[in-house]
Amino acid sequence: MILLELFPIALLGAFLGLDVVTFPQAMISRPLVAATVAGTLMGNPGGGMIIGVVLELLALEMLPFGASRYPEWGSASVVGGATYAVYPPDQAGALAGALLAALVTAVVSGWSMVKLRRLNGSHAAARRDGLDAGVPSVVIGTQLFGLTADFVRGGLVTFFALLFFQPLVAALLAQWTTNAAYSRGVVVAMVAAVSAGAIWKIFHTVAHARIYLLAGLAAGAAIIITR
Amino acid sequence: MTPPVTPVRSLPLTTWFRIYLRLFAVQGAWNYETLLGNGIAFCMEPALRLLPGGVNDPRYREALGRHTRYFNAHPYLAGVAVGALARAELDGVPAALIERFRTALGGPLGSVGDRLVWASWLPLCSLVALGAFGSGARPIVVIATFLGLYNAGHLWMRGWGLKVGFQRGLRVADALGHPVLRRGPQYVGSVAAFLAGISIPLAVDRIVMEGRTLAGEMILVAIVGGAVLARFGERAEGWRLALIALALFVLYSVIPK
Chain V
1 MILLELFPIA
11 LLGAFLGLDV
21 VTFPQAMISR
31 PLVAATVAGT
41 LMGNPGGGMI
51 IGVVLELLAL
61 EMLPFGASRY
71 PEWGSASVVG
81 GATYAVYPPD
91 QAGALAGALL
101 AALVTAVVSG
111 WSMVKLRRLN
121 GSHAAARRDG
131 LDAGVPSVVI
141 GTQLFGLTAD
151 FVRGGLVTFF
161 ALLFFQPLVA
171 ALLAQWTTNA
181 AYSRGVVVAM
191 VAAVSAGAIW
201 KIFHTVAHAR
211 IYLLAGLAAG
221 AAIIITR
Chain S
1 MTPPVTPVRS
11 LPLTTWFRIY
21 LRLFAVQGAW
31 NYETLLGNGI
41 AFCMEPALRL
51 LPGGVNDPRY
61 REALGRHTRY
71 FNAHPYLAGV
81 AVGALARAEL
91 DGVPAALIER
101 FRTALGGPLG
111 SVGDRLVWAS
121 WLPLCSLVAL
131 GAFGSGARPI
141 VVIATFLGLY
151 NAGHLWMRGW
161 GLKVGFQRGL
171 RVADALGHPV
181 LRRGPQYVGS
191 VAAFLAGISI
201 PLAVDRIVME
211 GRTLAGEMIL
221 VAIVGGAVLA
231 RFGERAEGWR
241 LALIALALFV
251 LYSVIPK
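In order, the protein sequences belong to chains V and S. Using the numbering used here, you'd call the opening residue of the first sequence number 1 and step up by one each time. Using the numbering used here, you'd call the opening residue of the second sequence number 1 and step up by one each time.
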């Protein structure tokens, strides 16, 4: 991918990174959406959706409660989608490599959100007098500063992650020795386990959760066997 | 001499719309010191222009400054606070009472929203979309299903919050007893738990492709791994363990044998 081709993807990462917390929180940053849109930009929406589903299954576990620290899935899913979408679906190791790129990006991007929140804090503290005095330009300016900084943050994270991971994943796949069935099987088993654990963690307090889950599993198994 | 306060019974449509749009950016300046504080003032600002004397009156700036301080709420329910506080300001409620009301309002709006949205509605919508994917739907259909369903609830909550907050003012706490907020998480959770049993296997079945030859091993890993993660609860973050396992697997796969 040449440098110029990175810009539209980085721009997408900036918009979707913004959606995670600051604006508009319409969940266009969810992996399922973000990775598919990134895949579409790369000419392969189906590929983007595959890794989007894998990331969504992992992301089910993380609930973005207030001040808690969590991985940032928006920009990370753009990186995952854009990385995976350039490979054919049966390419051994492509899903594992792109998923690794997305997960590392999610960690780095989550860390960058913490830094941004501290930056917002020091920006507001430096303008405390104006804020306390209710100067409208300071109140609105503080809000716009945070929004702009988050947009830039998401764009930079996406840009540098793509710059780093696209050649790295290509180099890894050139050396890949595990066959396609195992390569995909390991990833799928892993995300299935994480999502199963996540569902129990989220819903175990719901009355009769065990019965609902088992009934759903029976219905799911029946659909898979009979279709 | 400051003009007397004449209560404003309803917000002009343009003001309501301005506040509603600003609510989408309520977390724009989120930070660890004041959390949503500045965002609340930012969203309320169009309503405060309706104070007697308008933007040139000292009351406008006093009110705006008051609301830049610490505040916490779920972002989708911040409209409840914005509406109620705007109403209190426009009704000329004493500043000390507004401060106390503001302090009392934050906690419930955070916990109710977290339980209903982050821990119920969002996972439910994800599972519906995963189910659509597992059933063979095209990418555009999967995305439209997720965004349409999720944002129907999202947009409704923001609008409802602002409306009910402004209508009830200082009596807005009663609104948190709304059946959707009170019993919603339980019902949504039941549906989501059932749906998870269907959607996750269907989605996994569609992404597994050539890995299907290892179905037995994968099901075993999923059951054992899922049970272990569930057993350890919040102490074990699955995605972190997945990242470590994945990194080791990638290393193993690129080492020449």
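Note that beta-carbon positions come from the ideal geometry of N, C-alpha and C, so glycine has one too. Please read all numbers here as calculations on a predicted model, not as lab measurements.
Distance, Cα to Cα, residue i vs residue j?
i: residue 166 of chain S; j: residue 49 of chain S; result: 15 Å
i: residue 224 of chain S; j: residue 90 of chain S; result: 59 Å
i: residue 211 of chain S; j: residue 189 of chain S; result: 32 Å
i: residue 160 of chain S; j: residue 105 of chain S; result: 16 Å
i: residue 34 of chain S; j: residue 89 of chain V; result: 47 Å
i: residue 184 of chain S; j: residue 171 of chain V; result: 49 Å
i: residue 71 of chain V; j: residue 237 of chain S; result: 11 Å
i: residue 77 of chain V; j: residue 204 of chain V; result: 28 Å
i: residue 25 of chain S; j: residue 22 of chain V; result: 6 Å
i: residue 3 of chain V; j: residue 214 of chain V; result: 50 Å
i: residue 99 of chain S; j: residue 118 of chain V; result: 26 Å
i: residue 64 of chain V; j: residue 118 of chain S; result: 7 Å
i: residue 98 of chain V; j: residue 218 of chain S; result: 20 Å
i: residue 1 of chain S; j: residue 72 of chain S; result: Note that residue 1 of chain S scores a pLDDT of 47, beneath 50, so its modelled location is shaky; the value from the coordinates is reported in the next line. Distance between the alpha carbons of residue 1 of chain S and residue 72 of chain S is about 36 Å.
i: residue 181 of chain V; j: residue 62 of chain V; result: 29 Å
i: residue 77 of chain S; j: residue 155 of chain S; result: 11 Å
i: residue 22 of chain S; j: residue 43 of chain S; result: 5 Å
i: residue 228 of chain V; j: residue 218 of chain V; result: The shown model of chain V, from 1 to 227, leaves out residue 228 of chain V, and the question about it has no answer.
i: residue 215 of chain S; j: residue 227 of chain V; result: 16 Å
i: residue 227 of chain S; j: residue 209 of chain V; result: 15 Å
i: residue 177 of chain V; j: residue 255 of chain S; result: 8 Å
i: residue 175 of chain V; j: residue 137 of chain S; result: 34 Å
i: residue 188 of chain V; j: residue 133 of chain S; result: 15 Å
i: residue 83 of chain V; j: residue 73 of chain V; result: 15 Å
i: residue 14 of chain S; j: residue 47 of chain S; result: 10 Å
i: residue 251 of chain S; j: residue 43 of chain V; result: 29 Å
i: residue 7 of chain V; j: residue 159 of chain V; result: 7 Å
i: residue 245 of chain S; j: residue 105 of chain V; result: 16 Å
i: residue 171 of chain S; j: residue 17 of chain V; result: 37 Å
i: residue 112 of chain V; j: residue 69 of chain V; result: 11 Å
i: residue 114 of chain V; j: residue 108 of chain V; result: 10 Å
i: residue 163 of chain V; j: residue 10 of chain V; result: 10 Å
So which residues on chain V does residue i lean against when the C-beta distance must stay under 8 Å?
i: residue 32 of chain S; result: 67, 117, 118 and 121
i: residue 218 of chain S; result: 185, 188, 189 and 192
i: residue 146 of chain S; result: 27, 30, 32 and 33
i: residue 154 of chain S; result: 25, 26 and 27
Mind checking which residues open and close the alpha helix (DSSP H) that includes residue i?
i: residue 200 of chain V; result: 180-203
i: residue 84 of chain V; result: 73-84
i: residue 82 of chain S; result: 78-90
i: residue 5 of chain V; result: 3-21
i: residue 206 of chain V; result: Taken as a continuous stretch (DSSP letters only), residue 206 of chain V belongs to no alpha helix (DSSP H), as it is neither H nor E.
i: residue 112 of chain V; result: 94-126
i: residue 100 of chain S; result: 95-113
i: residue 163 of chain S; result: 139-168
i: residue 192 of chain S; result: 179-207
i: residue 174 of chain S; result: Neither: residue 174 of chain S is in no alpha helix (DSSP H) and is coded neither H nor E.
i: residue 45 of chain V; result: 45-59
i: residue 252 of chain S; result: 238-254
Along chain V, which residues have their Cβ under 7 Å away from the Cβ of residue i?
i: residue 150 of chain S; result: 27
i: residue 249 of chain S; result: 96 and 186
So with CB distances below 8 Å, who are the chain S contacts of residue i?
i: residue 22 of chain V; result: 25, 27, 28 and 30
i: residue 190 of chain V; result: 221, 225, 242, 245 and 246
i: residue 140 of chain V; result: 42 and 45
i: residue 99 of chain V; result: 246
Give me the Cβ distance between residue i and residue j, rounded to the nearest whole Å; I'm assuming they're in contact under 8 Å.
i: residue 193 of chain S; j: residue 216 of chain V; result: 7 Å
i: residue 175 of chain S; j: residue 82 of chain S; result: At roughly 13 Å, the Cβ-Cβ gap does not stay under 8 Å, so residue 175 of chain S and residue 82 of chain S are not in contact.
i: residue 146 of chain S; j: residue 30 of chain V; result: 7 Å
Which residues in chain S sit within 7 Å of residue i, going by Cβ to Cβ distance?
i: residue 143 of chain V; result: 25, 28, 29, 38, 39 and 42
i: residue 41 of chain V; result: Those do not exist, as residue 41 of chain V stays about 13 Å from chain S at its closest Cβ, beyond 7 Å.
i: residue 212 of chain V; result: 190, 193 and 194
i: residue 8 of chain V; result: The contacting residues do not exist; residue 8 of chain V stays about 18 Å from chain S at best.
So which residues of chain V does residue i contact, with C-beta pairs closer than 9 Å?
i: residue 10 of chain S; result: Chain V residues near residue 10 of chain S: none, gap ~23 Å exceeds 9 Å.
i: residue 141 of chain S; result: In chain order: nothing, as chain V lies at least about 10 Å away.
i: residue 17 of chain S; result: Per Cβ cutoff of 9 Å: no residues; residue 17 of chain S is ~15 Å from chain V at best.
Selection of the segment 156-184 of chain V by Cβ proximity to chain S, strictly under 8 Å | Across the segment 156-184 of chain V, CB contacts with chain S closer than 8 Å involve 172, 175, 176, 177, 178, 180, 181, 182, 183 and 184, in sequence order along the chain.
Against chain V: residues of the segment 106-119 of chain S by CB proximity under 9 Å = 110, 114, 118 and 119
Output, in sequence order along the chain, the residues in the segment 182-200 of chain S whose CB is closer than 7 Å to any CB in chain V.
-> 186, 189, 190, 192, 193, 194, 195, 196, 197, 198 and 200
Residues from the segment 49-74 of chain V in contact with chain S, defined by Cβ distance under 8 Å | 49, 50, 53, 54, 56, 57, 58, 59, 60, 61, 62, 63, 64, 65, 66, 67 and 71
Near-chain V residues of the segment 64-79 of chain S - C-beta to any C-beta below 7 Å = 64, 65, 68, 72 and 75
Can you list, in chain order, the residues of the segment 88-106 of chain S whose Cβ is nearer than 9 Å to any Cβ on chain V?
-> none
Using Cβ-Cβ distances below 9 Å, what residues of the segment 204-217 of chain S are close to chain V?
-> 204, 205, 206, 207, 208, 209, 210, 211, 212, 213, 214, 215 and 217
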